[in-house]
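Peer 1: This is the structure, below, for whatever I ask next.
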Amino acid sequence: MKTTVKPVNLNVPFSEKRPILSVVLIELLLLAAMFAAGAYATVQKLSYTAPVLIAFIPISIVLLIGLTWKKSWRRYGFLPLNAIPGQHWIYYLPLALVLGCIALNGFRTVSVREALFFVFFTLLVGFVEETVYRGLILHILLRKKSIAAAVITSSLLFSVTHVLNMLSGQSAEDTVVQLVYALLTGAALALLIVKNKNILPLIFYHFIHNLIQFLGPDGRSVSVMDYVVLAILLLHCLWLILSLNKEKGAARISGSFERVAP
Numbered sequence: 096m097k098t099t100v101k102p103v104n105l106n107v108p109f110s111e112k113r114p115i116l117s118v119v120l121i122e123l124l125l126l127a128a129m130f131a132a133g134a135y136a137t138v139q140k141l142s143y144t145a146p147v148l149i150a151f152i153p154i155s156i157v158l159l160i161g162l163t164w165k166k167s168w169r170r171y172g173f174l175p176l177n178a179i180p181g182q183h184w185i186y187y188l189p190l191a192l193v194l195g196c197i198a199l200n201g202f203r204t205v206s207v208r209e210a211l212f213f214v215f216f217t218l219l220v221g222f223v224e225e226t227v228y229r230g231l232i233l234h235i236l237l238r239k240k241s242i243a244a245a246v247i248t249s250s251l252l253f254s255v256t257h258v259l260n261m262l263s264g265q266s267a268e269d270t271v272v273q274l275v276y277a278l279l280t281g282a283a284l285a286l287l288i289v290k291n292k293n294i295l296p297l298i299f300y301h302f303i304h305n306l307i308q309f310l311g312p313d314g315r316s317v318s319v320m321d322y323v324v325l326a327i328l329l330l331h332c333l334w335l336i337l338s339l340n341k342e343k344g345a346a347r348i349s350g351s352f353e354r355v356a357p
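If you count the sequence shown from 1, you need to add 95 to reach the numbering used here.
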């Protein structure tokens, strides 16, 4: 009896063969870097921004080298802004509303040096977190899992990273709101990249969002405006889900017409 042995494709990337394990490893490496940086900053009594700088600067360098070496910038959504269809820009409007809401909290007085530091800091965070969660992790999951599974998983992981703030002594309400905030933000941004395949607006939003918060008043607790923002993000997610389902339905109908066409 003759048996046929299927050839093994050694060129298949590890992330395709083991997508879940790849995502878990990326998340664990990021958390490990954050914990190690936080421990070092605590021992050395550094500023509250030091752990992120210590962890994210090396990560950003690795991302820049890796994406350039593998020529995979476009694969992970680094496309020109004009690649987004004109009518699709309306789906970013809720993000502008969120920025407007958090800006209503006001701003504190900072020096030019502080402002420049916060610009660098928030741009670094926006680039690293969006590239990791809406770039690498979401891309890996979408290749093997459904859109719903990919969006939910990447959003949960994004929210989990913010659990580190529980160690900062803030109230339980502040922590829960922040976790839900991160979850809904992650879901909205993931749905946006699924729809438009472009990560640049997400990095820009993340950057501006964090910059406004860092330039805002110190010691602010949860307010009614925070719950308004949560409502906006929830409605934004529902809007994007309906839009994606509508596109899927239109594609299915179009495919049916093509199959029956003479």
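All C-beta atoms, glycine included, are put in the ideal place defined by N, C-alpha and C.
1. Taking the CB atoms as reference points, tell me whether LEU218 and VAL275 lie closer together than 8 Å.
2. So GLY374 and PHE253 are in contact, right, with Cβ under 8 Å, and what is the actual spacing, rounded?
3. With H, G and I counted as helix, E and B as strand and the rest as coil, what does DSSP make of LYS140?
4. What did DSSP end up calling VAL355 once you bin it into helix, strand or coil?
5. For TRP168, which residues in the same chain have their Cβ closer than 8 Å to its Cβ, ignoring the five residues on either side in sequence?
6. Could you say which of ALA150, ARG208, LEU125 and ILE336 lies nearest to ALA244 if we only look at CA atoms?
7. Answer with buried or exposed for PHE215, where buried requires no fewer than 16 other C-beta atoms within 10 angstroms of its C-beta.
8. Is the beta carbon of LEU236 closer than 8 Å to that of SER249?
9. Which same chain residues end up closer than 6 Å to LYS239 when comparing Cβ atoms and leaving out the 5 residues on each side of it in sequence?
10. Under a Cβ-count criterion, where at least 16 other Cβ atoms within 10 Å of its own Cβ denotes burial, should THR137 be classed as buried or exposed?
11. So, is THR226 buried or exposed, given that buried needs 16 or more other C-beta atoms within 10 angstroms?
12. Mind checking whether PHE309 and PHE213 have CB atoms under 8 Å apart?
13. Return helix, strand or coil for ILE294, following the three-state DSSP convention.
14. One question on the structure: do LEU358 and ILE327 come within less than 8 Å of each other, judged by their Cβ atoms?
15. Going by CA-CA distance only, name the one from HIS301, GLU111, VAL147 and VAL271 that's closest to TYR322.
16. Compute the Euclidean distance between the alpha carbons of ASN200 and LEU339, then round it to the nearest angstrom.
17. Going by beta-carbon coordinates alone, are ILE294 and TYR171 separated by less than 8 Å?
18. For VAL317, which option in ILE197, VAL119, ILE156 and LEU190 has the closest C-alpha, if you only look at C-alpha atoms?
19. In whole angstroms, give me the CA-to-CA distance for GLN139 and ASP313.
20. Please identify the residue among LYS343, LEU125, LYS112 and TRP184 whose C-alpha is closest to the C-alpha of TYR228.
21. Hey, ILE121 and LEU194: beta-carbon distance below 8 Å or not?
22. Please list, in chain order, all residues of the same chain as ALA132 whose beta carbon is under 6 Å from its beta carbon, the five residues on each side excluded.
23. What number of angstroms, rounded off, separates the C-alpha of LYS165 from the C-alpha of LYS112?
24. Taking its Cβ as the centre, do 16 or more other Cβ atoms sit within 10 Å of GLY181, making it buried, or is it exposed?
25. Rounded to whole angstroms, what is the Cα-Cα separation between VAL103 and ILE152?
Peer 2: To lay it out plainly:
1. By one-based count along the sequence shown, residue 218 stands at place 123. By one-based count along the sequence shown, residue 275 stands at place 180. For LEU218 and VAL275, no; Cβs fall outside 8 Å.
2. With the chain covering 96 to 357 only, the question about residue 374 has no answer from this structure.
3. For the purposes of this step, residue 140 is taken as residue 45 along the sequence shown, with counting starting at 1. In the structure shown, LYS140 sits in coil (DSSP, three-state: anything other than H, G, I, E or B).
4. Position 260 of the sequence shown, counted from the start, is the residue given in the question as residue 355. Confidence at VAL355 is low in this model, with a pLDDT of 46, below 50, so the placement of that residue should be treated as unreliable; the coordinate-derived value is given next. Here VAL355 sits in helix by DSSP.
5. Your numbering for residue 168 matches position 73 in the sequence shown. Within the same chain, TRP168 has close Cβ partners LEU162.
6. As a position in the sequence shown, residue 244 is number 149, starting the count at 1. For ALA244, the nearest C-alpha among the options comes from ILE336.
7. Indexing the sequence shown from 1 puts residue 215 at position 120. Exposed: under 16 other Cβ atoms inside 10 Å.
8. Within the sequence shown, residue 249 is the residue found at index 154, counting from 1. Within the sequence shown, residue 236 is the residue found at index 141, counting from 1. Against a cut-off of 8 Å, the Cβ pair of LEU236 and SER249 comes out as a contact.
9. To locate residue 239, count along the sequence shown from 1; it is residue 144. These residues qualify, in order along the chain: PRO114.
10. Position 42 of the sequence shown holds residue 137. So THR137 counts as exposed.
11. Here residue 226 refers to the residue found at position 131 when the sequence shown is read from its first residue. It is buried - the Cβ of THR226 has at least 16 other Cβ atoms within 10 Å.
12. On the sequence shown, position 214 is the one that residue 309 refers to. On the sequence shown, position 118 is the one that residue 213 refers to. Result yes, Cβ atoms of PHE309 and PHE213 sit closer than 8 Å.
13. As a working note, residue 294 is residue 199 in the sequence shown. Reduced to three states, the DSSP call for ILE294 is coil.
14. With the chain covering only 96 through 357, there is no way to say anything about residue 358.
15. On the sequence shown, position 227 is the one that residue 322 refers to. Among HIS301, GLU111, VAL147 and VAL271, the Cα nearest to that of TYR322 belongs to VAL271.
16. As a first step, residue 200 is located in the sequence shown; it is residue number 105 there, counting from the start. As a first step, residue 339 is located in the sequence shown; it is residue number 244 there, counting from the start. Cα to Cα, the separation comes out at about 33 Å.
17. Working through the sequence shown from its first residue, we reach residue 294 at position 199. Working through the sequence shown from its first residue, we reach residue 171 at position 76. Yes. Within cutoff.
18. Along the sequence shown, read from residue 1 onward, the residue named residue 317 stands at position 222. Out of ILE197, VAL119, ILE156 and LEU190, ILE197 has the C-alpha closest to the C-alpha of VAL317.
19. In the sequence shown, residue 139 corresponds to position 44, counting from 1. In the sequence shown, residue 313 corresponds to position 218, counting from 1. Between GLN139 and ASP313, the C-alpha separation is close to 23 Å.
20. On the sequence shown, position 133 is the one that residue 228 refers to. Nearest C-alpha to TYR228: LEU125.
21. Start at 1 with the first residue of the sequence shown, and residue 121 comes out as number 26. Start at 1 with the first residue of the sequence shown, and residue 194 comes out as number 99. Not closer than 8 Å, so no.
22. As a first step, residue 132 must be located in the sequence shown, where it is residue number 37. If we look at ALA132 and ignore the five residues flanking it on each side, its Cβ neighbours are PRO146, ILE149 and ALA150.
23. Mapped onto the sequence shown, residue 165 falls at position 70. Mapped onto the sequence shown, residue 112 falls at position 17. In a straight line, the C-alpha of LYS165 is about 18 Å away from that of LYS112.
24. Indexing the sequence shown from 1 puts residue 181 at position 86. Exposed is the call here.
25. Indexing the sequence shown from 1 puts residue 103 at position 8. Indexing the sequence shown from 1 puts residue 152 at position 57. For VAL103, the predicted structure reports a pLDDT of 48, less than 50, and the residue's modelled location is therefore unreliable. A value from the coordinates is still provided. Approximately 38 Å between the Cα atoms of the pair.
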